[in-house]
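Below: the structure, in structure tokens.
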DNA sequence: CATTGCATCTAACACTGTTAGGGGCATCGA
DNA sequence: TCGATGCCCCTAACAGTGTTAGATGCAATG
């Protein structure tokens, strides 16, 4: 019989820590979310479990449920937390295009710093957390100030949203080992008769994600500008 | 002691079916994928488990692992299967814009018919299944024929890809109960001071998804056309 | 000093993906 | 005709998941 067979089997009273060896601060929603972001950054979404998260906090798993009612809550809060890194920017640039570009670029930077975020956001409903809403408010306010309204405004908002989210999602999803991307490209080559274009262009396994994002955004903004000029012919 | 306490506890030899009562066809990769699509269509992604899938096929769960090496395989195959519904379309329309629009619209229709697909695809790396690649090949071939190449081609491909995928993903993710969308809109109203634009416009909880998709696509195509004219000034 | 109630604990449930290994059964070689 | 091979499905089990029930310590309050 082993006296210390497992950390979870210490039944002797004096060996059990009173709270913890180093008197950790008590649990709180903020600490949980902070730890969740840390775990997600380190190990990704599919390694996040309530037990691992609790262990990270020096606490038993069910204790989390006092502060949080479900695991989805934790993820939702984590997503919103990373959007909190983006300060609300009130600097109206001279050009609305520059303004939107700056906004979405910052947005994208945050998504890439936390590679799990884009995939998670794409999966569930767009978050309704305050930080995310603030970001969305800024985007749409800029569009309104530029002259968009009604259906055109909604279409523009969603198009821009999808561009940032989609590109970050695709980029992080394709961030795979060089070996695997090598394999994929080779497979395309061997079946070049079925996929002649894909094989000749290297459509997948691109490197220049920033470039694709920026020129894609330029396309979109060009299209928006046309819409803008058409809506207000007298300028 | 109950003689038939559970279907899995029938130990009596004569009660065990020789193969099955109605002589079901043997398991096969095709049948598994077909059943997976059915389960996904009915109950969504988070209700898909290997045991449920097996039950749907009148088979024990581990039997699936003879034909498939992991659950992810099943999902990947299911995703590719639904892209197989899209026939490769060889009808080159007069206008490249119409061609791309038709292609992406069909694409989008399929994604909406299987609401789980967009979310799943956004999460994992873009599928490498043959049906998906065929679709991508058609898209990019059209772009090449139109005159795109190099960086512009890649950017255009990804922008269009993100637009379809993103809009389908957002739409299916927001397809929630009227009550819940009511609640969300009300919350925006009560915090109208923080989100004045979002509250006045009803940016979220829109209904006209088709409209947003189409005008968004028009923006994008307008932008692409500008790029096209810039690249080939002598026309 | 007793009581209340917050915050955490241990145990446990139902479920997941997956593996180990057994066995029926058709096919093939001798 | 018999034995062996190998395919295909089975039962049993493992390690892990999210989550709930209920006990317990501990601080503040009457």
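Chains as they are written, first to last, in my numbering: chain A, 12 to 246; chain B, 12 to 246. We treat Cβ as the ideally placed atom computed from N, Cα and C, and that holds for glycine.
Whether residue i touches residue j by CB criterion (9 Å)
| i | j | result |
| --- | --- | --- |
| residue 130 of chain B | residue 89 of chain B | no |
| residue 40 of chain B | residue 79 of chain B | yes |
| residue 86 of chain B | residue 212 of chain A | no |
| residue 198 of chain A | residue 139 of chain B | yes |
| residue 93 of chain A | residue 128 of chain A | yes |
| residue 179 of chain A | residue 122 of chain A | yes |
| residue 234 of chain A | residue 234 of chain B | yes |
| residue 146 of chain B | residue 118 of chain B | yes |
| residue 254 of chain B | residue 200 of chain A | As displayed, chain B neither begins before 12 nor continues past 246, which places residue 254 of chain B out of reach and without an answer. |
| residue 134 of chain A | residue 134 of chain B | yes |
| residue 144 of chain B | residue 209 of chain A | yes |
| residue 207 of chain B | residue 148 of chain A | yes |
| residue 51 of chain A | residue 75 of chain A | no |
Outcome for residue i when other beta-carbon atoms lying within 10 angstroms are tallied against a minimum of 16
| i | result |
| --- | --- |
| residue 177 of chain B | buried |
| residue 173 of chain A | buried |
| residue 151 of chain A | buried |
| residue 205 of chain B | exposed |
| residue 219 of chain A | exposed |
| residue 186 of chain A | exposed |
| residue 243 of chain A | exposed |
| residue 55 of chain B | exposed |
| residue 109 of chain A | exposed |
| residue 163 of chain B | buried |
| residue 221 of chain B | exposed |
| residue 182 of chain A | buried |
| residue 57 of chain B | exposed |
| residue 232 of chain B | buried |
| residue 81 of chain B | exposed |
| residue 120 of chain A | exposed |
| residue 91 of chain B | buried |
| residue 33 of chain A | Residue confidence is low: residue 33 of chain A scores 45 on pLDDT, short of 50, so the model does not pin down where it sits. No coordinate-derived value is stated. |
Any non-hydrogen atom of the ligand NAD closer than 8 Å to residue i Cβ
| i | result |
| --- | --- |
| residue 239 of chain A | Looking at this structure, you won't find the ligand NAD or any other ligand, since it has none at all. |
*Could you run through the region 221-241 of chain B and flag, in chain order, every residue whose CB is less than 9 Å away from some CB of chain A?*
222, 223, 224, 225, 226, 227, 228, 229, 230, 231, 232, 233, 234, 235, 236, 237 and 238
_Continuous alpha helix (DSSP H) assignments of at least 4 residues falling wholly in the region 86-143 of chain A_ = 107-124 and 126-134
*Counting Cβ pairs closer than 8 Å, one from the region 161-171 of chain A and one from the region 147-167 of chain B, do we hit at least three?*
no
*asked:* Tell me which residues of the region 78-91 of chain A have at least one Cβ-Cβ distance to chain B shorter than 9 Å, keeping chain order.
replied: none
*Is there contact between the region 104-123 of chain B and the region 59-76 of chain B, where contact requires at least three CB pairs shorter than 8 Å?*
no
*Complete alpha helix (DSSP H) runs within the region 164-234 of chain B (minimum length 4 residues, chain order)*: 189-201 and 207-211
*Give, in chain order, every residue of the region 167-189 of chain B whose Cβ lies closer than 8 Å to some Cβ of chain A.*
167, 168, 169, 170, 172, 173, 174, 176, 177, 178, 180, 181, 184, 185 and 187
_Cβ-based contacts, 7 Å cut-off: residues of the region 150-161 of chain B near chain A_ = 151, 152 and 155
*Quick one: which residues of the region 50-80 of chain B get their C-beta closer than 7 Å to a C-beta of chain A? List them in chain order.*
none
*asked:* Runs of 4 residues minimum, wholly inside the region 45-91 of chain B: which ones carry the alpha helix (DSSP H) assignment?
replied: 61-67 and 75-78
*Residues in the region 194-205 of chain A with C-beta within 9 Å of chain B's C-beta atoms, listed in sequence order?*
195, 198, 199, 202 and 205
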